Every structure is written in structure tokens, then in C-alpha cells.
Amino acid sequence: MHYKTHTCGELRLEHAGQTVTLAGWVHRRRDHGGVIFVDLRDRFGITQVVFNPAHLSAETFALAESLRNEYVIQVVGDVVKRPEGMANPKLATGEIEVVANKLTVLNPSKTPPFVINDDTQELDEALRLRYRYLDLRRERMMRNLIIRHRFVKFIRDYLDARGFIEVETPILFKSTPEGAREYLVPSRLHPGRFYALPQSPQQLKQLLMVAGVERYFQIARCFRDEDQRADRQPEFTQLDMEMSFVDQNDVLEVVEGLLTAFTEQFAELHGKHLMFKPFPRLSYEEVMERFGRDKPDLRYGMELFDVSAAMRGTSFAPFQAAHVKGLVAPGCAHFTRRQTDELTEFAKRNGARGLVVLWHDADGYRASGAGAKLSDAEKQAIMRISGSKPGDLVLLAADDDRMKLNEALGELRHELGLRLKLGDPDALAFAWIVDFPMFSYDETEKRWVANHHLFTAPRDEDLEFLETDPARVRGKQYDLVCNGYEVAGGSIRIHRRDVQERVMRLLGLSMEEAYQKFGHMLEAFEYGAPPHGGIAPGIDRLTMLYAGAPNLREVIAFPKNQQAADTMLGIPSPVSEKQLQELHIRIVTEEEALERLTK
RNA sequence: GGAGGCGUGGUGUAGAGGCCUAACACGCUGCCCUGUCAAGGCAGAGAUCGCGGGUUCGAAUCCCGUCGCUUCCGCCA
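Residues 16 to 614 (the numbering used here) are what the first sequence spells out, left to right.
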């Protein structure tokens, strides 16, 4: 027996005259005394059901009167064209209605803690998460789930058609020394030993390349025990990919092709469009100079400008530094001193020494503050180079450390972009960031550290600087950014033993240590590892962008809150003494733990 | 670990030392109503203002502490 012959989203004029059975939730009920309308909802849509006493027994009509929101019901009725002028253009099924002649209440419902049939109202998220199964019933959340499904389905089809195969890798993995904090899983069979949940299948996918898979992908769950952000969850999903016999360009083209195709083919679903086609490729150096951030929001300009040369020899003390740069906040000349002070504070928090503000009025820069102290020639130079116009606000900063200056202004640019809503909410500004510096010097530990991971290949032309000038070595490493988010990151890997050894030597890693930590990798690489590389786009972040959602929780069915907890499930939860015993685990207080450590 | 924001009937908000016997909208309950689709009308129930302490003649309102949620910094090879 089937509960329904049709979904609540599929009936049209052509079905008029048919007798159908529908089942779903009471979305809304309009009781006119004599006639009752019920908007019946299932995942596929909403259909108006009419209960008319003329066509019903008294008992059935009474039952219809007892219906409340979110009751689960089944209705048998006739599809009829709505009377003239009564069609509802807001509903896909709005030309017809179902005149009920039989009603079954499959399950009543308590009054929900919040309304399901209106998702325009903002709700306390703690409440939503506590009743996530109700929250997900709301149209917006259901739509997000559908966008995510379409995206993942598209990925599988797209990559399958291009010779990729999906291979699953273990969730019970190995604790790795570097990188993010891991979730540990105690072993029952091996007292005192642990599995670790993977931060990503990085090493395993490289081993799959050694295995000859050549084109691998996986919709892979990853785990990181770090503090949460709006765009960071303790468990998240990556499109993990790796390819053999490829260079950087091959990897970029596959991902760019996939995202371009999905964006364009499903424009009607998500309503977003590409800002750039093809995606621009910017070097790390260029992006830091122009935007001050390695994940810039490119939906708007507001680029940093450089007036260092023009300010050389200035008598204005704040600009007596090696580098003077700034940006133009369009149409912000109305900002009050209080507002610009706030921006100055923001810039300082992000490493700027201060912020110099110029108000561009109808007749040039206002003669107050810096505007009074800079010479006319200096002001003219700033106006020419910045291109500021009357009504704009010019913000400048100076520093001897150029990268620090870029970063401070970059964060300021990003903040202003958000506040002024400069980005088109329907645009996706994808861009590749390439040629990242491979190493940076850790001042506190007095040693070179890898910016990505130690299997990242250096650019061929930079190999010669590996020993002489490590800061100059750029990697075959790339990020995909979109609207201010990093949405993918990857690299071409080292496949030659000699290069790998040189990198490890630079990082102060002896072969002995390296074998201890990564022996399984190094050993595998000695059995004919092909040249290979890969990338891992973040499924959650991309879905968030397609859904136009403000955080990851909106596109994850059952997310964790900021404390990495789930209040609906009540996790993390305590476990029984017996379970702990089996796992050879004893809970100790912080004091006891400290005591053991110091002994 | 640190900084900011928020916490008032079921939900979303208003209130900023006495106007509060806490208001409004939605929801909920009952009654009326045969063409609505955010239905409409009438009536009603529902809040120890997150919690604890303090200041004051008087606290939702001010102060201190605490808890919860959230955003950001640190952290995320």
C-alpha cells in the first residue's frame, strides 16, 4: 500500500479530474467555519486541500476541524481546477486544489517551539539546534540540504566522467605529529594505544597515487579538534582529490571546470553567478600587495595604493617610514571622527601603527588632522595615486615592515567591504592564489617551518635557493578563494627522494626522525611514486556560498555549536565506568594529570 | 586562553532607576465565519525579565560574579 500517489509539489492543471492520495504535514490551516483550507506540505512542495462539508461526512469534517500545524495526515481527494481568480501564483501547484473526501490523521503533533511555516524570522540558534529536526523542516533549511545534495551529486558525476574513481580511506587513522589537534580513539585491543581521526586523507591519497589509482577523489569527512569559527566545524567535508602525471595547471583546470559547470548549470537552484570566467590567477605576492590578504574578496575593487615614493622626505611624522600605503573608502566622507577612530582601532588591532584619515570634500582634502599637516604637493600626489573623489574617505598607514602594513590594510579593506556591503551577494568571485612562499622563519623556535606540509614541491626555478635563501623558495602550492573565504587548497607533491631530503634537512628533520614520523610515506615513495598532486575543496564552505548562508551550520544537517557540542543529542556525553575500563582509560583531574607529568 | 555582542510569556522584539499591576507582533486556546492562501472578527490564557549577590526608599533597567549562545583574536602543517 502506498501512502501517497503524488507528492505535494507535482499536481498541475493536467491532473484535474484525477483522484489522488497525498500525505504530509499540515503547513497551515485556514478555517472559514463552513470550509477549511489546509496547505499540505511534503519535501516536494505545498498543495492546497479543501475540506467542504458538502462533500464530506460530519465525522470527517469534524476531524478536519481538529487539525493543527504539523499534524501528519493523509488525504484522498479529487484534483480540481481552482475557481476563476482563485489561483495562487506563489505556489507551483497554485492552479489546482485537492477537494478532500477522506482524511486520516497519521500522527498528531505537539505545538512546535517555533513556527515551521515562516522562516523569515530570525530564531535563537540554540533553540534551532535543540530541535534541529524541526528546524530542518523549514523551507530555507530544506533548500540548503538540497543544494548540498545537488552539489555532491554533480561532483561525483563530473569526476566519474573524467576518469576519477572514488576511494574510501579509513576514519580510524594514525595520529600525526604536525598540524591540527586531533580527535583520539582509544583501542580496546591494544591497551594504551590510540587511533586518530584524520585531519584530512592527505597521506592516504598520496599512497593511492603510489598504488597507481592516478585519478582519485573522495567526499571525505575530516576532523580537527580546534576552536570553532563561523566557517570552521570540528568535523567537515572535503572533496579530496589527487592526480598522477599532472602539473599544477591540470589540477586547477579540473576544479575550475567543475565549479564553473556547477555554478552555471544550477544557477536556477542557487541563484548565484560567476564574477570571473576563467578564474583569475594571482601570485601570493601580488595579492598581498593589491589586497593585503591571501583570501581577498574580489567582488569589489578598493585596492591598496602605494604612496611611499611620494612621501619620501615628508615632514609629516606618521609617514616617515619605508612604506606608506592606503585605500579609498568610497562615499565615506560623511564618517564622523568617532567612526574613523573606530577604524583606527581596528587597524591597530591588526598590526597597523595607526591610521591617517583624509576626508575628500568638494574642494579637496579637508584641512583638519592630517589634511592640515601634509603639504599641498603631498596631498596632490595622494589624490592622483589613490584616485579618490569628492565624497570619499582616504585611509593611510605607514610602516617599515611592508608585509605587516599590507596585512593591516588588507583586514581593514575586508572589514570595510563587509560594513559597506560592497560585494554583490549573488556573485561568486573565484580566484586562484598561486606561488606561495614555502617556508617562513619561526623567530621563537629559531628554525624554518613549512607553510603547507613537507610533501609540497618547490617550484623548479626556486630549487637552487633551498639551501641559500629559503624565504625565496615558492611552492607548487595553490589556494582557491571566493568572496573572502579560502575554499580549496592543494599542492603538487615532491616525488623525488633527493628533493624530499633537502626539504627535510632545511626543516631540521633528520632522516631518522623523518622515518619515525613519516616512514610509511618515505618507504612507499621508494617503490616508484609517480609525479602527483592534488587539492581539497571544502564542500561545506562552497555549499555555504551557494546557499548564501552566513555560516557552516546552515548547510550541515546536524552541526556542532561553538563549544563543539550537540545540545539535541547531548554530546559529548559521559560514558560508563565499564566502557572506560574496557578501553583502559581512567579519568583524572587536572591536578592529578599535572602531578603525573611532573613525576 | 583572551576580547566583544546578546539573554524579557512558546517565538521575535519594546522597555534604559519610580510611567511596569512589564507593552507589541506572531503563535496558542475558545467562539463566530463557505473561497482563503501571512485569511478575517471577538474573547482569553500565558513572564519568578538567564542565574546568584550587591547598590538604592525603589532594579528588567546600575554594579559585581556566574551560566548559556554567538562573533572575533590566539589556534586551524
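We treat Cβ as the ideally placed atom computed from N, Cα and C, and that holds for glycine.
Note that this is a predicted model, so its numbers are computed, not measured.
Taking Cβ to Cβ, would you say residue i is nearer than 8 Å to residue j?
i: Arg239; j: Arg208; result: no
i: Asp57; j: Thr20; result: no
i: Val225; j: Ile550; result: no
i: Val322; j: Gly307; result: no
i: Arg44; j: Leu82; result: yes
i: Ser401; j: Val343; result: yes
i: Phe66; j: Val87; result: no
i: Leu55; j: Val91; result: no
i: Leu437; j: Met317; result: yes
i: Gly523; j: Arg462; result: yes
i: Phe166; j: Phe294; result: no
i: Ile162; j: Tyr561; result: yes
i: His338; j: Arg399; result: no
i: Ser506; j: Gly553; result: no
i: Lys362; j: Leu427; result: Checking the sequence, you will find Ala at residue 362 rather than Lys. For Ala362 and Leu427, yes; Cβs fall inside 8 Å.
i: Leu274; j: Met290; result: no
i: Ser190; j: Leu199; result: yes
i: Glu538; j: Arg512; result: no
i: Tyr146; j: Pro128; result: yes
i: Val270; j: Leu521; result: no
Within the continuous beta strand (DSSP E) that includes residue i, where are the two ends?
i: Lys292; result: Taken as a continuous stretch (DSSP letters only), Lys292 belongs to no beta strand (DSSP E), as it is neither H nor E.
i: Ser259; result: Glu250 to Ser259
i: Ile51; result: Ile51 to Asp57
i: Ala348; result: No beta strand (DSSP E) holds Ala348; DSSP gives it neither H nor E.
Can you grab the Cα-Cα spacing for the pair residue i / residue j, in whole Å?
i: Leu584; j: Asp139; result: 18 Å
i: Tyr210; j: Leu595; result: 16 Å
i: Thr558; j: Trp40; result: 27 Å
i: Lys394; j: Cys237; result: 52 Å
i: Gly386; j: Asn365; result: 24 Å
i: Gln253; j: Lys292; result: 24 Å
i: Pro545; j: Gly504; result: 21 Å
i: Asn84; j: Ser124; result: 7 Å
i: Asp172; j: Met258; result: 17 Å
i: Arg381; j: Asp441; result: 37 Å
i: Arg489; j: Gly425; result: 22 Å
i: Thr62; j: Gly24; result: 7 Å
i: Gln221; j: Ala324; result: 48 Å
i: Ala529; j: His467; result: 17 Å
i: Arg556; j: Tyr500; result: 8 Å
i: Ala572; j: Arg247; result: 15 Å
i: Ala79; j: Leu284; result: 35 Å
i: Arg152; j: Leu28; result: 27 Å
i: Pro213; j: Gln233; result: 13 Å
i: Leu469; j: Ala392; result: 50 Å
Go to residue i, then tell me how far its alpha helix (DSSP H) extends in each direction, as first and last residue.
i: Ser383; result: No alpha helix (DSSP H) contains Ser383, which DSSP labels as neither H nor E.
i: Glu74; result: Ala73 to Glu80
i: His429; result: Arg417 to Arg434
i: Asn264; result: Gln263 to Gln280
i: Arg353; result: Arg352 to Arg364
i: Gln596; result: Glu592 to Glu597
i: His164; result: Glu154 to Ala176
Using a 10 Å radius around the Cβ and a threshold of 16 neighbouring Cβ atoms, would you call residue i buried or exposed?
i: His42; result: buried
i: Asn159; result: buried
i: Ile180; result: exposed
i: Ala141; result: exposed
i: Tyr456; result: exposed
i: Thr351; result: exposed
i: Glu479; result: exposed
i: Tyr231; result: buried
i: Pro565; result: exposed
i: Glu422; result: buried
i: Thr126; result: exposed
i: Gln280; result: exposed
i: Gly194; result: exposed
i: Thr34; result: exposed
i: Gln531; result: exposed
i: Ala38; result: buried
i: Ile600; result: exposed
Can we count residue i as close to the ligand FMN, meaning its CB is less than 7 Å from some heavy atom?
i: Ala195; result: The ligand FMN is absent from the structure shown, which contains no ligands of any kind.
Next item on the list: Pair every Cβ in the region 447 to 458 with every Cβ in the region 472 to 487, then say whether three or more of these pairs are closer than 8 Å.
Entry: yes
Checklist line | At least 3 beta-carbon pairs within less than 8 Å: the region 182 to 189 vs the region 570 to 588 | finding: no
Next item on the list: Determine, using beta-carbon pairs with one atom in the region 107 to 126 and one in the region 92 to 99, whether at least three such pairs fall under 8 Å.
Entry: yes
Next item on the list: Would you check if there are 3 or more beta carbon pairs closer than 8 Å linking the region 348 to 365 to the region 408 to 419?
Entry: yes
Next item on the list: Assess, as a yes-or-no matter, whether the region 455 to 475 is touched by the region 436 to 446 under the definition of 3 or more beta carbon pairs within less than 8 Å.
Entry: no
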